[in-house]
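Going by the working numbering, the first residue of the sequence shown is number 147, and it counts up by one from there.
Since the structure comes first, as structure tokens, the remarks are kept for the end.
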Amino acid sequence: MNLFDLTGRKAIVTGGTRGLGHGIAEGLMEAGANVVIFGSNDKVKDVATEFRDQGFSCEGIAVDLADGKAREEAFYQAVKSLGGIDILVNAAGIQRRHKSEVFPIEDWNDVIEVNLTAPFALSQLAAKEFLKVGYGKIINISSMLAFFGGFTVPAYAASKGGISQMTKAFCNEWAKDGINVNAIAPGYMATEMNTALLDKKNPRYNEITNRIPAKRWGTPEDMKGIAVFLASHASDYLNGAIIPVDGGYLVN
């Protein structure tokens with residue numbers, strides 16, 4: 147048996163239109179999974195079409211993850227389209243940057259709702275499906291900022307710290323029922339969210355790059371292997387883990 151084969155597996159990937167979520171969705175499909183991607187606007191339809199044009203099984207659903215009713219409806223629409231669900235990947239996230247002493251409460255609420263509350267609610271929905279069959283995989287996306295605080299991003303840091311602890315809490319309750327809940331903590335990634343930091347004129351760019359033992363920033367491609375592992379039978383006895391994918395940043 148190929149432990150990493152996902153042929154016929156049914157997955158929902160939030161934030162699948164770009165960045166790390168796009169890379170994860172592609173990796174799951176390359177391993178054989180059927181995937182529904184969630185995106186914040188109608189671009190998700192175009193991305194899903196692009197995946198289908200490559201021969202993959204993919205549908206796209208536009209949904210505002212900050213809207214509780216909308217995300218529940220999108221979840222059940224995806225489950226109906228897939229004919230079930232085996233894998234949930236909570237990859238969607240937003241960022242807001244302000245000095246902590248002036249960080250607007252509105253931005254705090256927006257970040258927490260999308261980055262933490264939505265994964266909580268979707269994980270609950272998925273777990274109810276998984277508990278019926280005694281099997282399922284939930285993959286959350288944490289961050290380096292779950293290990294340290296960062297600068298001007300208190301809401302994001304709090305949300306990702308929450309993701310890590312939520313992952314452990316879910317594991318404690320659901321592991322006995324055949325549900326694996328793990329999180330990936332990406333290092334510094336070359337995605338749209340980090341556009342400002344990726345400017346080579348920004349002194350932080352060189353500071354960060356020099357600290358990474360791999361001497362490069364990560365890419366969505368770097369997320370594929372770990373996502374396939376966590377979605378497959380290869381990880382059936384791994385639970386509640388927060389796995390850094392950071393080029394060695396944390397140990398330097």
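All C-beta atoms in this analysis are idealised placements derived from N, C-alpha and C, irrespective of residue type, glycine included.
Fair warning: this is a prediction, and the values are worked out from it, not measured in the lab.
Among the residues of its own chain, which have a CB less than 7 Å from the CB of G165, if the five just before and after it don't count? T337, E338, M339 and P366
Alpha carbon to alpha carbon, how far is S310 from G280? Give it in angstroms, no decimals. 23 Å
As an exercise, report each continuous beta strand (DSSP E) stretch of at least 3 residues that is fully enclosed by the stretch 184 to 219, in chain order. Qualifying beta strand (DSSP E) stretches, in chain order: 204 to 208.
Taking the alpha-carbon positions, what's the G282 to C317 distance? Distance from the CA atom of G282 to the CA atom of C317, rounded to whole angstroms, is 12 Å.
Once DSSP output is grouped into helix, strand and coil, what is the label at V374? helix
For K361, which of helix, strand or coil comes out of DSSP? In the structure shown, K361 sits in coil (DSSP, three-state: anything other than H, G, I, E or B).
What three-state label does DSSP hand K306 in the structure shown? helix
Per DSSP, what kind of secondary structure is P250 in: helix, strand or coil? When DSSP states are grouped into helix, strand and coil, P250 belongs to the coil group.
Where the alpha helix (DSSP H) containing G169 begins and where it ends: G165 to E176
Neighbourhood of N180 by C-beta, 8 Å cutoff - its chain only, sequence neighbours within 5 removed: G154, R155, K156, A157, S203, C204 and L228
On a CA-only basis, which of Q223, N398, V248 and D232 is nearest P300? Give me that one, please. V248
Simplified DSSP assignment, three categories, for M335: strand
Could you tell me which residues DSSP pairs with V159 in its beta bridges? I183 and V235
Can you pull the DSSP bridge partners for I284? The secondary-structure analysis by DSSP pairs I284 across a beta bridge with L234 and V327.
So who's on the other strand from V397, going by DSSP bridges? Answer is none; V397 lacks a bridge partner.
Quick check: the stretch 180 to 196 against the stretch 204 to 219, are at least 3 beta-carbon pairs closer than 8 Å? yes
Go ahead and label T313 buried or exposed: buried means 16 or more other beta carbons lie within 10 angstroms of its beta carbon, across all protein chains shown. buried
Nearest neighbour of V190, chosen from G214, T163 and A212 [CA to CA]: T163
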